[in-house]
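Residue numbers (our numbering): 620 to 757. Note that beta-carbon positions come from the ideal geometry of N, C-alpha and C, so glycine has one too. This one's a predicted model, so the numbers in the text were calculated from it and none came from an experiment. Written below as structure tokens is the structure these notes are about.
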Amino acid sequence: MQRPSVLVFSLAAAVTSSRLEAQAKAPPASEFSADLGFVSVSGNTSVTTLSLGEKWVRRIARWEFKQDMGAIYGKTEGTETSNLLKASVRGDYGLGANMALYARTAFDRNKFAGVKSRFAEGLGLVAKLKANDIDQLN
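Right, dumping it as structure tokens:
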């Protein structure tokens with residue numbers, strides 16, 4: 620009569636430990652990062668560059684929302700030589716551990732690449748074929 624209770628206890632412990640491992644590896648509900656860069660060089664030439672960027676990720680149950688923006692502005696000898704703006708928003712809906720549906724929209728402007736303004740929209744399916752701490756293949 621001891622065997623069934625030991626088996627049930629072992630199964631319960633295995634399920635609990637696998638749930639705890641999954642919770643330990645779960646990403647945070649929100650992430651935010653920002654960057655700021657400033658370069659000023661003088662000598663034979665005078666170059667000044669300013670860059671700003673930010674990224675925000677929010678996870679709610681099966682949903683993951685990503686938003687990012689960035690800008691680069693630069694001058695050489697007092698003349699504008701770089702002017703880039705970019706922004707994007709993406710929403711993913713998880714269909715399981717390895718699949719998700721997504722919708723995305725993005726905007727960018729790069730005066731010196733000849734892009735006055737560009738919008739991009741997309742819908743799709745993502746399949747995570749390999750995902751570990753080092754490698755990812757989507």
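Asp687 is not a Cβ neighbour of Gly697, given a cutoff of 9 angstroms. By alpha-carbon distance to Glu740, the top candidate from Leu756, Gly662 and Arg709 is Arg709.
Burial check for Ala648: the Cβ neighbour count within 10 Å stays below 16, so the residue is exposed.
In its chain, beyond the 5 residues on either side, Glu673 have a beta carbon closer than 6 angstroms to the beta carbon of Ala653.
In the structure shown, Ala690 falls within a strand segment according to DSSP collapsed to helix, strand and coil. DSSP, read as helix, strand or coil, puts Lys685 in strand. Note that the C-beta distance between Ser670 and Phe651 is not below 9 angstroms.
Collapsing the DSSP output to three states places Ala732 in a helix.
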